[in-house]
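Colleague: If you're matching positions, the sequence shown starts at 90 in the numbering used here and goes up one per residue.
C-beta atoms are modelled at their ideal positions from N, C-alpha and C, and glycine is treated no differently.
All figures in this text were calculated on a predicted structure; none of them were measured in a lab.
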Amino acid sequence: MQYYVGIDVGTSSVRGALVDQNGKVVVQTEQPIQIWEPQPDYYEQSSADIWAACCAVSKKIVQSVDLSRIRGVGFDATCSLVVLDEKFEPLAVNAEGVNNRNIIMWMDHRAVDQVDRINQTKHCVLRYVGGVMSPEMQPPKLLWLKEKLRSICWEKAGHFFDLPDFLSWKATGATTRSLCTLVCKWTYSAQTGWDDGFWKQIGLEDLTVNNHSKIGNHVLSPGSRVGNGLTSVTAQELGLPKGIAVAASLIDAHAGGLGVIGADARGSKLPCENMPITSRLALICGTSSCHMGISKSPIFVPGVWGPYFSAMVPDLWLNEGGQSATGKLMDHVVKSHAAFPELESNAKASGKNVYMYLNCHLESIKKCSAVGMLTVDLHVWPDFHGNRSPLADPTLKGMVTGLALTNSLDDLAKLYLATVQAIALGTRHILETMQNAGHQINTLFMCGGLSKNLLFVQMHSDISGMPIVLAEEVESVLVGAAVLGAYASGDFKSIQEAMEKMGKIGKIIHPDLAQKRYYDNKYKVFLKLADHQKEYRAIMQNI
Numbered sequence: 090m091q092y093y094v095g096i097d098v099g100t101s102s103v104r105g106a107l108v109d110q111n112g113k114v115v116v117q118t119e120q121p122i123q124i125w126e127p128q129p130d131y132y133e134q135s136s137a138d139i140w141a142a143c144c145a146v147s148k149k150i151v152q153s154v155d156l157s158r159i160r161g162v163g164f165d166a167t168c169s170l171v172v173l174d175e176k177f178e179p180l181a182v183n184a185e186g187v188n189n190r191n192i193i194m195w196m197d198h199r200a201v202d203q204v205d206r207i208n209q210t211k212h213c214v215l216r217y218v219g220g221v222m223s224p225e226m227q228p229p230k231l232l233w234l235k236e237k238l239r240s241i242c243w244e245k246a247g248h249f250f251d252l253p254d255f256l257s258w259k260a261t262g263a264t265t266r267s268l269c270t271l272v273c274k275w276t277y278s279a280q281t282g283w284d285d286g287f288w289k290q291i292g293l294e295d296l297t298v299n300n301h302s303k304i305g306n307h308v309l310s311p312g313s314r315v316g317n318g319l320t321s322v323t324a325q326e327l328g329l330p331k332g333i334a335v336a337a338s339l340i341d342a343h344a345g346g347l348g349v350i351g352a353d354a355r356g357s358k359l360p361c362e363n364m365p366i367t368s369r370l371a372l373i374c375g376t377s378s379c380h381m382g383i384s385k386s387p388i389f390v391p392g393v394w395g396p397y398f399s400a401m402v403p404d405l406w407l408n409e410g411g412q413s414a415t416g417k418l419m420d421h422v423v424k425s426h427a428a429f430p431e432l433e434s435n436a437k438a439s440g441k442n443v444y445m446y447l448n449c450h451l452e453s454i455k456k457c458s459a460v461g462m463l464t465v466d467l468h469v470w471p472d473f474h475g476n477r478s479p480l481a482d483p484t485l486k487g488m489v490t491g492l493a494l495t496n497s498l499d500d501l502a503k504l505y506l507a508t509v510q511a512i513a514l515g516t517r518h519i520l521e522t523m524q525n526a527g528h529q530i531n532t533l534f535m536c537g538g539l540s541k542n543l544l545f546v547q548m549h550s551d552i553s554g555m556p557i558v559l560a561e562e563v564e565s566v567l568v569g570a571a572v573l574g575a576y577a578s579g580d581f582k583s584i585q586e587a588m589e590k591m592g593k594i595g596k597i598i599h600p601d602l603a604q605k606r607y608y609d610n611k612y613k614v615f616l617k618l619a620d621h622q623k624e625y626r627a628i629m630q631n632i
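Take a look at the structure:
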């Protein structure tokens, strides 16, 4: 049996898994990482803290296996911006000058003004991000650094990495970038490379000097072998043999897509059986959610990122919809409610986590109706952190309609349910937008932390009207990272072969078609909430 190491750097933790050649997770572990929030919408991390966590999880997962059987390592991470000086030392991304805090996180929205000016240019590269760039991408963050931290950061910076690329550099010493990160978050083109005219137009022409050395000039497809494998120093730090293959990395959501979307569907009786892989959408749900649709030809979807060539599956185009806050939104709604202390106490006494307890509580109060109908008069617009897709408006806010003068545990449970439904209705909004543009999707493949919440999964199936496939291995993101290492090792002829052999279909959730009319009406209300918010804002601008 051959093994591969998959390391996933998420928003708040680093996870590692030892995965065998059949896609089975043999052992896994997790290590928390720090997040600093110096002010609202500013989120920072430390590359040193993250690398230390990567080393800790790697050593734990390989301690009981014959190291000679470990063939490759794959990394994935959030699309956060790492800043290093010319000597590859951390450089502050904050006015306090704290160099240890050298990462602007993916969910940081400090560059809203900068992204607005970038979008006003209407440059042709914006066509490949749904027409509108997000403040979560790297160009607006880079522009913010130049304008706000010129002396303490910008003028001293020697290297700007996407976090997945920082990890492969740290492991190998090669400044290679992944096609995934550069295409999806930096405006790089797989066909033509960097567009110097874009950088000049937005005031960042200094990034084009020395053949783009600060942002990358050697680019590989995900899964390609980077450099000469692990260096002797990093091999010791990770507890692995020197020289084993290290793969060009992926953004974490894309690794989840890789780990689940290619599973063999023969005999499943799913709509996607005997259909091309382009009939599937990978839905990766955690702190945020990403909706990965692939196509043979480029499809331009308004408000949805892409099309990106070979950014996830080689030789296929990727469109990426998303919701900036899903798991984070659920946590916010539940933990900020007056009844949360009661919920927490009851959940602890029952031996359940708070969401399992809420799901059971909803079942107990539903009476004769379906659980979903408990929110017939309660509706949520879920964009508490702006809308990533398909409206592409980071200034939108959350809304709740239907509140009463009560704050009981029943009220909390219903508000939680309405929030889950709102997230699923947002997925339906993204799906319909992608389908109207030309995607032919009939089956959802879901992974990520929220896929463990069966109410969350069932609501997505009921509201989308599509079956949802859960992977046999719950940790599909880790499997996806291991797939990268497996391909880099040479044990598989292609990424596609590794995807099919290491990804397995598990549980299938079917929609309750009896609820279709109810959710069609909920969807109509959902869309009106966005329209009303825009009307309110237009009225208030006349002050």
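1. List the whole-angstrom C-beta distance separating Asp254 from Arg199, where the pair is believed to meet the contact cut-off of C-beta under 8 Å.
2. How is Pro396 classed by DSSP in three states: helix, strand or coil?
3. Measure the beta-carbon distance from Leu232 to Gln203 and round it to whole angstroms, keeping in mind my assumption that it falls under 8 Å.
4. Out of Met555, Ser583 and Ile512, which one is the CA nearest neighbour of Asp601?
5. So, using beta-carbon positions, are Ala453 and Met196 closer together than 8 Å?
6. Work out the CA separation of Glu126 and Ala337 for me, nearest whole Å.
7. DSSP has Met488 in a bridge; who is on the other side?
8. Hey, which unbroken runs of the alpha helix (DSSP H) at 4 residues or more fall wholly within the segment 205 to 293?
9. Go through the segment 298 to 329 residue by residue and report every complete run of the beta strand (DSSP E) that reaches 3 residues or more, in order.
10. Just the C-alpha distance for Asn542 and Tyr444, rounded to the nearest angstrom, thanks.
11. Would you mind stating whether Ile159 and Val98 have Cβ atoms separated by less than 8 Å?
12. Using 8 Å as the threshold, is the C-beta distance between Val393 and Gly219 below it?
13. So Ile77 and Asp165 are in contact, right, with Cβ under 8 Å, and what is the actual spacing, rounded?
14. State the Cα-Cα distance for the pair Thr367 and Glu589, rounded to the nearest angstrom.
15. Any contact of the segment 308 to 317 with the segment 358 to 372, i.e. 3+ C-beta pairs under 8 Å?
16. For Met629, count neighbouring C-beta atoms within 10 Å of its own C-beta (all shown protein chains included) and say buried if the count is 16 or more, exposed if not.
17. Quick one: grab the DSSP three-state call for Leu494.
18. DSSP state of Thr376, grouped into three classes?
19. I'd like to know whether the C-beta atoms of Glu362 and Ala352 end up nearer to each other than 8 Å.
20. Rounded to whole angstroms, what is the Cα-Cα separation between Glu409 and Ser321?
21. Helix, strand or coil for Phe534 per DSSP?
22. How big is the Cα-Cα spacing for Cys273 and Ser267?
23. Check whether the Cβ atoms of Ile192 and Cys143 sit closer than 8 Å, and answer yes or no.
24. Could you pull the DSSP bridge partners for Gly161 from this structure?
Modeller: Taking the geometry as given:
1. Position 165 of the sequence shown, counted from the start, is the residue given in the question as residue 254. Position 110 of the sequence shown, counted from the start, is the residue given in the question as residue 199. Contact annotation, Asp254 with Arg199: C-beta distance approximately 22 Å; criterion of less than 8 Å not satisfied.
2. Position 307 of the sequence shown holds residue 396. Of the three classes helix, strand and coil, the one that applies to Pro396 here is strand, per DSSP.
3. Stepping through the sequence shown from its first residue, residue 232 is reached at position 143. Stepping through the sequence shown from its first residue, residue 203 is reached at position 114. 4 Å between Cβ atoms; contact.
4. Against the sequence shown, residue 601 aligns to sequence position 512. The shortest C-alpha to C-alpha distance from Asp601 to any of Met555, Ser583 and Ile512 is the one to Met555.
5. Translated into positions along the sequence shown, residue 453 becomes position 364. Translated into positions along the sequence shown, residue 196 becomes position 107. In the sequence as presented, Ala is not what sits at residue 453; that position holds Ser. Not a contact, by the Cβ cut-off of 8 Å.
6. Walking along the sequence shown from the start, residue 337 turns up at place 248. Walking along the sequence shown from the start, residue 126 turns up at place 37. Spanning the alpha carbons of Ala337 and Glu126 requires a straight line of approximately 30 Å.
7. Within the sequence shown, the letter at position 399 stands for residue 488. As DSSP reads the structure, Met488 sits in a beta bridge with Trp470.
8. Counting whole runs of 4 or more residues, the segment 205 to 293 contains the alpha helix (DSSP H) stretches 227 to 237, 252 to 261, 268 to 274 and 285 to 290.
9. Whole beta strand (DSSP E) segments, 3+ residues: zero.
10. As a position in the sequence shown, residue 542 is number 453, starting the count at 1. As a position in the sequence shown, residue 444 is number 355, starting the count at 1. Cα to Cα, the separation comes out at about 8 Å.
11. For the purposes of this step, residue 159 is identified with residue 70 of the sequence shown, where counting begins at 1. For the purposes of this step, residue 98 is identified with residue 9 of the sequence shown, where counting begins at 1. Contact flag unset, no.
12. Position 304 of the sequence shown holds residue 393. Position 130 of the sequence shown holds residue 219. Yes, the Cβ-Cβ distance between Val393 and Gly219 is below 8 Å.
13. Past the edges of the chain, shown from 90 to 632, lies residue 77, and the structure says nothing about it.
14. Taking the sequence shown and counting its residues from 1, one reaches residue 367 at position 278. Taking the sequence shown and counting its residues from 1, one reaches residue 589 at position 500. Taking the straight line from one Cα to the other gives about 14 Å.
15. The answer is no - the segment 358 to 372 does not touch the segment 308 to 317, with fewer than three Cβ pairs under 8 Å.
16. The count along the sequence shown starts at 1 and reaches residue 629 at position 540. Label assigned to Met629: exposed.
17. As a first step, residue 494 is located in the sequence shown; it is residue number 405 there, counting from the start. Reduced to three states, the DSSP call for Leu494 is coil.
18. Taking the sequence shown and counting its residues from 1, the one referred to as residue 376 is at position 287. In this structure, Thr376 counts as coil in the three-state DSSP scheme.
19. The residue labelled residue 362 in the question sits at position 273 within the sequence shown. The residue labelled residue 352 in the question sits at position 263 within the sequence shown. Using a Cβ distance threshold of 8 Å, Glu362 and Ala352 do not count as a contacting pair.
20. Numbered from its first residue, the sequence shown carries residue 409 at position 320. Numbered from its first residue, the sequence shown carries residue 321 at position 232. So the alpha carbons of these two residues sit roughly 37 Å apart.
21. As a working mapping, residue 534 is identified with position 445 in the sequence shown. Strand, per DSSP.
22. Working through the sequence shown from its first residue, we reach residue 273 at position 184. Working through the sequence shown from its first residue, we reach residue 267 at position 178. Spanning the two alpha carbons is a distance of roughly 10 Å.
23. Locating residue 192 in the sequence shown gives position 103, counting from the first residue. Locating residue 143 in the sequence shown gives position 54, counting from the first residue. Contact flag unset, no.
24. For this step, residue 161 is matched to residue 72 along the sequence shown. Bridge partners of Gly161: Tyr93 and Ala334.
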